[in-house]
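Heads up: the structure comes next, in structure tokens.
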Amino acid sequence: MLTFLRKRATTSLLPLVAVLLGVFLLARMTGDPAALYLPENATEAQKETFRTANGLDLPVWQQLLDYLGGVVRLDFGTSLRTGEPAAEMALRAFPATLQLALTTMVLAVVISIVIGSYAAYRPNSLADRLASFMSMTAASVPDFWLAITGVWIFAVMLGVLPTSGVDASMLSWVLPIATLLFRPAGVLTQVVRGAMVSALSAPYVRLARSKGADSRRVVTDHALRNAAAPALTVAGDLAVGLVNGAVVVESIFGWPGIGKLMIDSILQRDFAVLQAAVLLTAVTIFVLNVVIDLCYALLDARVRDKALV
Amino acid sequence: MNADPRVALDVDGLDVDIHTPHAVLRAVDSVSFQAVRGRTVALLGESGCGKSMTATAIAGVLDPVAEVAGGSIRLSDGAGRVTDLVSASAKERRELAGKDLGIVFQDALTALNPVYPVGTQLAEPFRIHRGLSKRAARREAIELMRRVGIPEPETRVDAYPHQFSGGMRQRLLIAIAVALSPSVLLADEPTTALDVTVQAQIMSLLRDLREERDMAVVLITHDLALVFEQADRVVVMYAGNVVEEGPVDDVFGSPGHPYTRGLLDSVPVSAERGASLSSIGGAPPELSAIPSGCVYQDRCPLVRSLCREQRPTAREVSPGHRSACHFPDEVSSEEANRSVEVTR
Numbered sequence: 001m002l003t004f005l006r007k008r009a010t011t012s013l014l015p016l017v018a019v020l021l022g023v024f025l026l027a028r029m030t031g032d033p034a035a036l037y038l039p040e041n042a043t044e045a046q047k048e049t050f051r052t053a054n055g056l057d058l059p060v061w062q063q064l065l066d067y068l069g070g071v072v073r074l075d076f077g078t079s080l081r082t083g084e085p086a087a088e089m090a091l092r093a094f095p096a097t098l099q100l101a102l103t104t105m106v107l108a109v110v111i112s113i114v115i116g117s118y119a120a121y122r123p124n125s126l127a128d129r130l131a132s133f134m135s136m137t138a139a140s141v142p143d144f145w146l147a148i149t150g151v152w153i154f155a156v157m158l159g160v161l162p163t164s165g166v167d168a169s170m171l172s173w174v175l176p177i178a179t180l181l182f183r184p185a186g187v188l189t190q191v192v193r194g195a196m197v198s199a200l201s202a203p204y205v206r207l208a209r210s211k212g213a214d215s216r217r218v219v220t221d222h223a224l225r226n227a228a229a230p231a232l233t234v235a236g237d238l239a240v241g242l243v244n245g246a247v248v249v250e251s252i253f254g255w256p257g258i259g260k261l262m263i264d265s266i267l268q269r270d271f272a273v274l275q276a277a278v279l280l281t282a283v284t285i286f287v288l289n290v291v292i293d294l295c296y297a298l299l300d301a302r303v304r305d306k307a308l309v
Numbered sequence: 001m002n003a004d005p006r007v008a009l010d011v012d013g014l015d016v017d018i019h020t021p022h023a024v025l026r027a028v029d030s031v032s033f034q035a036v037r038g039r040t041v042a043l044l045g046e047s048g049c050g051k052s053m054t055a056t057a058i059a060g061v062l063d064p065v066a067e068v069a070g071g072s073i074r075l076s077d078g079a080g081r082v083t084d085l086v087s088a089s090a091k092e093r094r095e096l097a098g099k100d101l102g103i104v105f106q107d108a109l110t111a112l113n114p115v116y117p118v119g120t121q122l123a124e125p126f127r128i129h130r131g132l133s134k135r136a137a138r139r140e141a142i143e144l145m146r147r148v149g150i151p152e153p154e155t156r157v158d159a160y161p162h163q164f165s166g167g168m169r170q171r172l173l174i175a176i177a178v179a180l181s182p183s184v185l186l187a188d189e190p191t192t193a194l195d196v197t198v199q200a201q202i203m204s205l206l207r208d209l210r211e212e213r214d215m216a217v218v219l220i221t222h223d224l225a226l227v228f229e230q231a232d233r234v235v236v237m238y239a240g241n242v243v244e245e246g247p248v249d250d251v252f253g254s255p256g257h258p259y260t261r262g263l264l265d266s267v268p269v270s271a272e273r274g275a276s277l278s279s280i281g282g283a284p285p286e287l288s289a290i291p292s293g294c295v296y297q298d299r300c301p302l303v304r305s306l307c308r309e310q311r312p313t314a315r316e317v318s319p320g321h322r323s324a325c326h327f328p329d330e331v332s333s334e335e336a337n338r339s340v341e342v343t344r
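Taken in order, these protein sequences are the chains called A and B. For the first sequence, my numbering gives the first residue as 1, with consecutive numbering after it. For the second sequence, my numbering gives the first residue as 1, with consecutive numbering after it.
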């Protein structure tokens, strides 16, 4: 277990550094912060003072070394905009995104297991075809279109839901979650259905039936547990996609999460905050992948045996 | 039909249809046989003859494309109550499955659920039918593992299927099938996937369990030697039909159907080195092209016009020995001729 974690951590270190490097360099290609933060009529000397104060006058490679040195000491720099530590800003925005992604994922898993299993239990029935059609549609609709249409219908025309922001009521959650939910729920339903169809026709299901197991036992105990592995793979990918997809949805709905923070930081050339946000997201995705691998081992003894050798 | 209380399973006129996108094919055509407690009846035939389909139809685990189209399957439970599995409700069937009717599947390597310890799977019949607690069912599972000859059952009970050898997995499947001492045990090619030495052990285990639990065993196989060693009666199937049925000694000693005769001649027992092995020419008909008249006509050395016009019904050739051939006497006489040739 510990060996496994250590191994995963070391193999993930290189991609993390690569992400860091990429973001660092790309951010610096967006332009000069001095042009944005100082008044339009600022003199060259004023700009120079600003750059020197924020370390932007140094060659890029030196800025990078300084930054990496800071990261090692868990110092992620300060925001140009607010002067706050960048890490604090990222961590403050993070829970909002996490709540959104987690709620969406839980809903997607529940919906897909129920609909996917039901459809798989009666392959090619009317219910199955309806489920396939709906899940295919849900998986194909672009989220920005969903978001805008949702706002137009429910917020503008009917006026029952807020257009954006977070308020005390749960109503503000409805549109962002609905927007995020369509794709994962659709994709996952198809995966669960496929995995369940093959699990339900497997020899071990026949054996279970021959013991006198009822449908509930056959579906939930025997088939679902076996269908979980392929579903888990896709669910993991979708969860990663949710953390990333938050950028679009949070911008549209003014949701104060990490996605919105990233967009704002890019627009304002707030490099330190952008890097902190991206790093936090990357670490989250790494943790997510480790959790998924642990789930595999938990679900299937064959994976455990292989991991031990 | 038969009042004999020892008859545990009475299959009468069983039809099974397969639904394909283009047609409905009859895979099992009015198959009848009985299984008696303490005895073994063998369903013998080539692959595709419908013997496994018959077994899965009896066990109620047919593939979704197949369906019982007629006949009856009367199962007598431990208390002597008889239920027709064809007309029974799904709930009634579930209550009998595993309790009064056990089945050992062919594919021992994949039949066990890979994600559960074997103990959980062995305990399931006790949990379902006797409502035992997890702990009590686990004790039963350990006892069962000991009974079927799995070493160190106390520790192996928590192991997973992939941690067992093929022979051990087949023992586990047998253990599950006999867990509640059913009146009928269906064994669908139980040793096909196993080594010859393991095969002998498994067959002797099945035999012991049959005696110990007074079960009627239905052995589905293509192996003539296995039938000869294990079975009391044999039902020979061809293209979904029963062509001959009777006590093993009678059927093998003086076959009443040319197909049985062909099978027996194909066994290379009396062949000498250098002599060519005998085989039945041609191949069984496709299910979509089963001829009217006798099902065996295209491969039969005795075929004549009557065989092409009329399907023979099973007739008794000697007490308890029936053959679905128009000319059963000629099979025997030809047999006699051949024996002379061999000895000369």
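By construction, the Cβ of each residue, glycine as well, lies at the ideal position given by its N, Cα and C atoms. Please read these numbers as outputs of a predicted model, since none were measured by experiment.
Proximity below 8 Å, CB of residue i to CB of residue j
i                      : j                      : result
residue 115 of chain A : residue 131 of chain A : yes
residue 248 of chain A : residue 223 of chain A : no
residue 345 of chain B : residue 75 of chain B  : There is simply no residue 345 of chain B to check, as chain B begins at 1 and stops at 344 in what is shown.
residue 217 of chain B : residue 227 of chain B : no
residue 250 of chain A : residue 236 of chain A : no
residue 172 of chain B : residue 125 of chain B : no
residue 261 of chain A : residue 93 of chain A  : yes
residue 86 of chain B  : residue 73 of chain B  : yes
residue 55 of chain B  : residue 194 of chain B : no
residue 205 of chain B : residue 174 of chain B : yes
residue 244 of chain B : residue 323 of chain B : yes
residue 232 of chain B : residue 31 of chain B  : no
residue 160 of chain A : residue 175 of chain A : no
residue 49 of chain B  : residue 284 of chain B : yes
Residues near residue i by beta carbon distance below 7 Å, same chain, minus five either side
i                      : result
residue 57 of chain B  : 14, 16, 28, 68
residue 288 of chain A : 236, 239, 240
residue 14 of chain A  : none
residue 344 of chain B : Unreliable placement is indicated for residue 344 of chain B, whose pLDDT of 31 sits below 50; the coordinate value is still reported in the next sentence. If we look at residue 344 of chain B and ignore the five residues flanking it on each side, it has no Cβ neighbours.
Limits of the unbroken beta strand (DSSP E) element including residue i
i                      : result
residue 150 of chain B : Counting along the chain, residue 150 of chain B falls outside any beta strand (DSSP E), and DSSP gives it neither H nor E.
residue 43 of chain A  : Run containing residue 43 of chain A: none; DSSP gives neither H nor E here.
residue 220 of chain B : 216 to 221
residue 41 of chain B  : 40 to 44
residue 247 of chain B : 241 to 247
residue 315 of chain B : 315 to 318
Residue i: first and last residue of the uninterrupted alpha helix (DSSP H) it sits in
i                      : result
residue 245 of chain A : 224 to 253
residue 211 of chain B : 196 to 213
residue 286 of chain A : 271 to 299
residue 31 of chain A  : It is not in any alpha helix (DSSP H) - residue 31 of chain A carries neither H nor E in the DSSP assignment.
residue 237 of chain B : Segment 233 to 238 is the beta strand (DSSP E) holding residue 237 of chain B; no alpha helix (DSSP H) there.
residue 256 of chain B : Segment: none, residue 256 of chain B is in no alpha helix (DSSP H) and carries neither H nor E.
Residues near residue i in its chain [Cβ-Cβ closer than 8 Å; skip 5 each side]
i                      : result
residue 328 of chain B : 256, 257, 315, 317
residue 127 of chain A : 118, 119
residue 217 of chain A : 208
residue 232 of chain A : 292, 295, 296, 299
residue 266 of chain B : 277, 278, 279, 280
residue 180 of chain A : 100, 101, 104, 143, 242, 245, 246, 249
residue 250 of chain B : 318, 320, 321
Per-residue contacts from residue i into chain E (C-beta, under 9 Å)
i                      : result
residue 321 of chain B : In the structure shown, chain E does not exist; the protein chains are A and B.
Close beta carbons around residue i, own chain, < 6 Å, minus the five adjacent residues each side
i                      : result
residue 359 of chain B : Residue 359 of chain B falls outside the range modelled here, since chain B spans only 1 to 344, and no answer is possible.
residue 153 of chain B : 142, 145, 146
residue 69 of chain A  : none
residue 290 of chain A : 8
residue 90 of chain A  : 276, 277, 280
Those residues which DSSP pairs with residue i across a bridge
i                      : result
residue 82 of chain B  : B/76
residue 70 of chain B  : B/15
residue 34 of chain B  : B/10
residue 102 of chain B : B/185
residue 78 of chain A  : A/85
residue 94 of chain B  : BP columns for residue 94 of chain B are empty, so no partner.
residue 323 of chain B : B/244, B/315
residue 28 of chain B  : B/16
Just checking, does the stretch 216 to 224 of chain B make contact with the stretch 90 to 102 of chain B on the three C-beta pairs under 8 Å criterion?
no
Inter-stretch contact (C-beta, 8 Å, three-pair minimum) for the stretch 153 to 162 of chain B and the stretch 70 to 85 of chain B:
no
Quick check: the stretch 188 to 207 of chain B against the stretch 94 to 107 of chain B, are at least 3 beta-carbon pairs closer than 8 Å?
yes
For the structure I just gave you, are there three or more beta carbon pairs, one from the stretch 177 to 189 of chain A and one from the stretch 141 to 149 of chain A, closer than 8 Å?
yes
So does the stretch 131 to 140 of chain B actually touch the stretch 267 to 285 of chain A, counting three or more Cβ pairs closer than 8 Å?
no
Does the count of Cβ pairs from the stretch 68 to 84 of chain A and the stretch 156 to 163 of chain A closer than 8 Å reach three?
no
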